[in-house]
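Enquirer: There's a structure below that I have some questions on.
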Ligand SMILES: Cc1cc2nc3c(=O)[nH]c(=O)nc-3n(C[C@H](O)[C@H](O)[C@H](O)COP(=O)(O)OP(=O)(O)OC[C@H]3O[C@@H](n4cnc5c(N)ncnc54)[C@H](O)[C@@H]3O)c2cc1C
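In our numbering, the protein residues as written are 45 to 403.
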């Protein structure tokens, strides 16, 4: 661990995803900044499904932390404990903090190196290309977007999507579900609702999958697209254990500080703010908290900090390269218009720009 330069304070960010990477970038020249993330890169979640059908697209979607963090320390490890003064990492380091930000969003066992992650996308692509029939388990945004990508790029593949809920995309309204269902059916995707596939009994290469209602699905390969859990289990062993709610979210105040901990903030999907969990909202958290920490670093008082105000939320789920279904506060639309907003490059250029990189 490097010593704090010029008496600047230590700001530690745990999690280099959508919110954590932006926050780390924003504070690197105002503090002795440390980013703790198990991966050496920021993996933009909403581009992953395109990378599976077009592996060359992935190159720019995996942003090495070193690309935007020229003045910080990057620790590629998992945080496993937080004390009143330090963060402990899996590889045995104790990282001191003056201000701490928890941005651990969702957990997924991704490769540590960018090269290995690119290799993973290539393998997924080969798996899709070499299969005539594909089963997708899960009808949330990941399952629906993956079905859309495959149906668009490989229209001859037989795709079956199994979802345990009564409708697709339950995180948004029923109109959006209906529109997504209609689009998938127009692409000849078989959607089976209110059924599950026992993941323990699934074995690649068997060619047959049984659902909970006894339906047999023939498929050469399968993809599991059930929601990733929040990465908060580890927090239950830390000084923040009483601040984790039943759903695994961190309880925060209106400045996005963890309740009862003045020097510890939380941003992104891990927070218990009552709003839709979306990446652009996570970026909004990061911008606000970066501003407030910067003020605190300059000696500003509590009263000078800006509060967080949840705004109106929207979500766009892409359906292949040209279409999408979008839910705005008073309207749900589908087709080319929302497709023009998201589906062409999946916000890649915009997201890179936010990180100060060329598109
Ligand atoms: C298919 C799909 C499409 C989406 N489309 C959109 C969209 O179009 N627009 C939009 O705004 N949002 C979209 N979202 C939602 C968006 O991706 C999330 O809201 C966003 O990723 C939340 O950001 P986050 O920083 O809170 O968490 P994440 O992005 O999940 O980042 C968490 C980071 O923490 C790290 N981490 C976890 N545990 C630890 C630990 N113990 N120690 C250290 N690091 C740890 C992880 O490795 C990861 O880097 C989409 C999501 C999906 C799945």
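Every residue gets a Cβ at the ideal spot worked out from N, C-alpha and C, and that includes glycine.
How about residue 290: is its Cβ closer than 8 Å to a heavy atom in ligand 1?
Expert: For ligand 1, not one heavy atom lies less than 8 Å from the Cβ of residue 290.
Enquirer: Taking C-beta to C-beta, are residue 97 and residue 126 nearer than 9 Å?
Expert: no
Enquirer: Assuming residue 77 and residue 68 form a contact by the criterion Cβ under 8 Å, report the distance between their Cβ atoms to the nearest whole angstrom.
Expert: 6 Å
Enquirer: What I want to know is whether the C-beta of residue 154 ends up closer than 8 Å to one or more non-hydrogen atoms of ligand 2.
Expert: In terms of ligand content, the structure shown lacks ligand 2 and carries ligand 1 instead.
Enquirer: With hydrogens ignored, establish whether the beta-carbon of residue 90 is closer than 8 Å to any heavy atom of ligand 1.
Expert: Yes, Cβ of residue 90 sits closer than 8 Å to a heavy atom of ligand 1.
Enquirer: Going by CA-CA distance only, name the one from 206, 303, 320 and 328 that's closest to residue 311.
Expert: 328
Enquirer: Could you check where the alpha helix (DSSP H) with residue 172 kicks off and where it finishes?
Expert: 158-173
Enquirer: By the 10 Å Cβ neighbour count, where 16 or more other Cβ atoms means buried, how is residue 114 classified, buried or exposed?
Expert: exposed
Enquirer: Assess contact between the region 209-225 and the region 283-301, defined as three or more Cβ pairs (one per stretch) separated by less than 8 Å. Is contact present?
Expert: Counting C-beta pairs closer than 8 Å gives fewer than three between the region 209-225 and the region 283-301, which falls short of the contact rule.
Enquirer: For the candidate residues 141, 140, 72 and 149, whose alpha-carbon lies nearest to that of residue 279?
Expert: 149
Enquirer: DSSP puts residue 310 in a beta bridge; with which residues?
Expert: 146
Enquirer: For residue 225, count neighbouring C-beta atoms within 10 Å of its own C-beta (all shown protein chains included) and say buried if the count is 16 or more, exposed if not.
Expert: Burial call: buried.
Enquirer: Among 180, 347, 319 and 352, whose alpha-carbon lies nearest the alpha-carbon of residue 331?
Expert: 352
Enquirer: How close, in whole Å, do the beta carbons of residue 133 and residue 118 come, if the pair is a contact with beta carbons under 8 Å?
Expert: Their Cβ separation, rounded to whole angstroms, is 12 Å, which puts residue 133 and residue 118 out of contact at 8 Å.
Enquirer: What does a CB cutoff of less than 6 Å around residue 334 pick up in its chain, not counting 5 residues either side in sequence?
Expert: 67, 70 and 71
Enquirer: Tell me the rounded alpha-carbon separation between residue 111 and residue 276.
Expert: 27 Å
Enquirer: May I ask which residues mark the beginning and end of the beta strand (DSSP E) holding residue 140?
Expert: 138-140
Enquirer: Beta carbon of residue 82: closer than 8 Å to some heavy atom of ligand 1?
Expert: yes
Enquirer: Residues in the same chain with beta-carbon distance under 8 Å from residue 401, minus the five sequence neighbours each way, listed in chain order, please.
Expert: Result list for residue 401: 107, 111 and 112, in chain order.
Enquirer: Which residue marks the beginning of the alpha helix (DSSP H) containing residue 410, and which one marks its end?
Expert: The displayed coordinates of the chain run from 45 to 403. Any statement about residue 410 would go beyond what the structure contains.
Enquirer: With three or more C-beta pairs closer than 8 Å as the rule, is the region 227-243 touching the region 252-265?
Expert: yes
Enquirer: Under three-state DSSP, which class holds residue 252?
Expert: strand
Enquirer: Going by other Cβ atoms of all chains shown within 10 Å of its Cβ, with 16 needed for buried, is residue 383 buried or exposed?
Expert: buried
Enquirer: Between 377, 392 and 361, which lies nearest to residue 186 when the distance is taken from Cα to Cα?
Expert: 361
Enquirer: Decide if residue 189 is buried, meaning its Cβ has at least 16 other Cβ atoms within 10 Å, or exposed.
Expert: buried
Enquirer: Does DSSP put residue 375 in a helix, in a strand, or in coil?
Expert: strand
Enquirer: Relative to the alpha-carbon of residue 270, which residue among 368, 240 and 293 has its alpha-carbon at the smallest distance?
Expert: 240
Enquirer: If you draw a straight line from the alpha carbon of residue 85 to that of residue 395, how long is it in whole angstroms?
Expert: 14 Å
Enquirer: Flag this pair as yes or no: are the beta carbons of residue 165 and residue 392 separated by less than 9 Å?
Expert: no
Enquirer: If you count every other CB in all the chains shown that lies within 10 Å of the CB of residue 158, and 16 or more means buried, which is it?
Expert: buried
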